[in-house]
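Comments concern the structure below.
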Ligand SMILES: Cc1cc2nc3c(=O)[nH]c(=O)nc-3n(C[C@H](O)[C@H](O)[C@H](O)COP(=O)(O)OP(=O)(O)OC[C@H]3O[C@@H](n4cnc5c(N)ncnc54)[C@H](O)[C@@H]3O)c2cc1C
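Numbering (the numbering used here), first residue to last: 25 to 411.
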C-alpha cells in the first residue's frame, strides 16, 4: 500500500516506521524544513516507551535525557517549597520514565526511518480528492500524485482534518489556558531540576535542555480566549499576561524571541470518527490531550503503531481503520478526561487556591502517598500489553 503521511512529527514518523516494517510504502510530507531546533521538554513513559523499545530506540533516548533529578516548586524568593524526586516519580509511574526534549524524540524517530522512507521536508498538501480505489493529492508546490491512503499526522491544528473532516472549531475543546515557551541562556545556575513558580492564574516553569548553557522557559496562564495572537504580537501579549510576576519571570520575559515565539492554547481534539473513506488521522490531529496529560507523545506513538499494525492485519482498509480506532479511542478518551480534571487545578485561580495547592503538594510528595500520586497520573502503563 502506498500511504501518504502528512506531518513528520512523533505520530507520522512512528507510523512511517511501522508501515515500512510491515511491507508498505509510506511517503512523508513535513511542512517544516529539516533539522529544526527549539521545542520543549516532555515526560515520556508507558505506551510511548513501549513502542520506542519495540523500535530499538529506547536506549538512544535514555542516553539523551534532560538533566532532571527532581521537579521543584519555589516561592517568589526562589526557596524550594516542595520537591518531587525523580526516584519517587519512577515509583509512581511503575515503569521506565524518560525526560526528553520533544526534538530528541523526533530526531530518534527520523533516524530510525532515514534510509527506508521518503521524507519531503518543506512540503504540504493543498487539496485532496477521494476515489473508491485511491486518494488524489495536490501539493502546495503544484504537483499531483495518487496514493492508496492519506493519513493526517499534522498535529492539533491539522490541515488534513480541515480538508477532510471539517473546521477545527467543530472538534476543539479549549481547556482555558494559553502557553508559550522558548530557550533562554542559563545564567541562573539552575542545576539538573525543573522549577515551577506560581501566582494566581499564572505559572512560570524553567528547566535545562541538556544543551550546554540553555534552559527552556515555559509560561502557562488561564484565559477564556482560545485564539492565538499573530506572531508579531506574541511577545507583547506574553509580557502583558505575565506583567509584574515574581521570581525570575521578568528576566525571562526580557529574553522572549521577537519572531519565533511558540504560543498556543491548551486544546483537546475530540471527533466522532478518525477516518473518512481513505483518509485517516493519527496523534494530536484526532486525539490531542494537551500537556495536562503528559501522554500526548506517548499516545501519538501508540496511534502510529496501532494504525500500521491494523493495516498489516486487515486486507480491507475500512476494516483496518475501524479496528485501529476501536483499539485506541477508549484509551485516548480516558486520558483526555483525566487531563481535563487535572487542568482544573493545574494553575489555581486565586491566592487561597494557590496556598492550598502548595500545602497539599508539600505533604503529598512522599513515598507514603505513592498510591494517591499514581491515581493523579492516571493510566501510566502501556496499552500495548493487551494487543
Ligand atoms: C509545551 C508542551 C509540553 C508537552 N508535554 C508533554 C509531555 O510531558 N508528555 C507527552 O507525552 N506529551 C507532551 N506534550 C504533547 C505532545 O508534544 C504531543 O501530543 C505530540 O507531539 C503529538 O504528536 P503528533 O505527531 O501528533 O503532533 P506534532 O508533534 O505536533 O507533529 C505534527 C507535525 O506535523 C507537521 N505539520 C503541521 N502542519 C502540517 C501540514 N499542513 N503539512 C505537513 N506537515 C505539517 C508539524 O510541523 C509537525 O512536525 C506536550 C506538548 C507541549 C506543547
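From the three backbone atoms N, C-alpha and C, an ideal C-beta is built for every residue, glycine too. In this text, all values refer to a predicted model and were calculated from it rather than measured experimentally.
Beta-bridge partners of residue 220 (DSSP): 97, 229. Distance from the CA of residue 91 to the CA of residue 218, rounded to the nearest whole angstrom, comes to 9 Å. In its chain, beyond the 5 residues on either side, 116, 388 have a beta carbon closer than 7 Å to the beta carbon of residue 397. The residue from 148, 204, 276, 207 with its alpha-carbon nearest to that of residue 184 is 148. Residue 179 counts as buried, since at least 16 other C-beta atoms from the protein chains shown sit within 10 angstroms of its C-beta.
In the structure shown, the three-state DSSP call for residue 44 is helix. For residue 33, no alpha helix (DSSP H) segment is defined, and its DSSP state is neither H nor E.
Residue 352 and residue 75 have their C-alpha atoms some 14 Å from each other. Judged by DSSP in its simplified three-state form, residue 200 adopts strand.
Taking C-beta separations shorter than 7 Å and ignoring five residues to either side along the sequence, the partners of residue 182 in its chain run 176, 305, 309, following chain order.
In this structure, 363 is the residue among 408, 363, 229 with its C-alpha nearest to the C-alpha of residue 290. Set against 8 Å, the gap from the CB of residue 407 to the closest heavy atom of ligand 1 is not smaller.
With 16 or more other Cβ atoms inside 10 Å of its own Cβ, residue 72 counts as buried.
In the displayed model, residue 49 falls within a strand according to three-state DSSP.
Under the 8 Å Cβ criterion, the segment 326-335 does not count as touching the segment 357-377, having fewer than three qualifying pairs. Under the criterion of beta carbons closer than 8 Å, residue 390 and residue 105 do not qualify as touching, at roughly 14 Å. Between the beta-carbon of residue 244 and that of residue 203 there is about 5 Å, and that keeps the pair under the 8 Å contact cut. When C-beta atoms of the segment 279-290 are compared with those of the segment 255-264, three or more pairs fall below 8 Å, so the two segments count as touching. Nearest in C-alpha terms to residue 27, of all of 173, 199, 224, is 173. Using a 10 angstroms sphere on the CB of residue 58, the tally of other CB atoms stays under 16, which defines it as exposed. The distance from the Cβ of residue 69 to that of residue 129 is about 12 Å, inconsistent with a contact at the 8 Å cut-off. In the DSSP annotation of this structure, residue 301 is not part of any alpha helix (DSSP H), being labelled neither H nor E. The beta carbon of residue 248 lies closer than 7 Å to those of 200 in the same chain, with the five residues before and after it left out. Of the residues assessed, residue 63 falls on the buried side of the cut-off, its CB having 16 or more other CB atoms within 10 angstroms. The DSSP-derived three-state label of residue 366 is helix.
Beta-bridge partners of residue 259 (DSSP): none assigned.
For residue 218, the distance from the CB to the nearest heavy atom of ligand 1 is not below 8 Å.
Taking 8 Å as the cut-off, the C-beta of residue 306 counts as close to a heavy atom of ligand 1. For residue 39 and residue 45, the gap between their C-alpha atoms comes out near 10 Å. The beta carbon of residue 114 sits closer than 7 Å to the beta carbons of 121 from its chain, once the five residues preceding and following it are set aside; these are given in chain order.
With a threshold of 16 other beta carbon atoms within 10 Å, residue 246 meets it and is buried.
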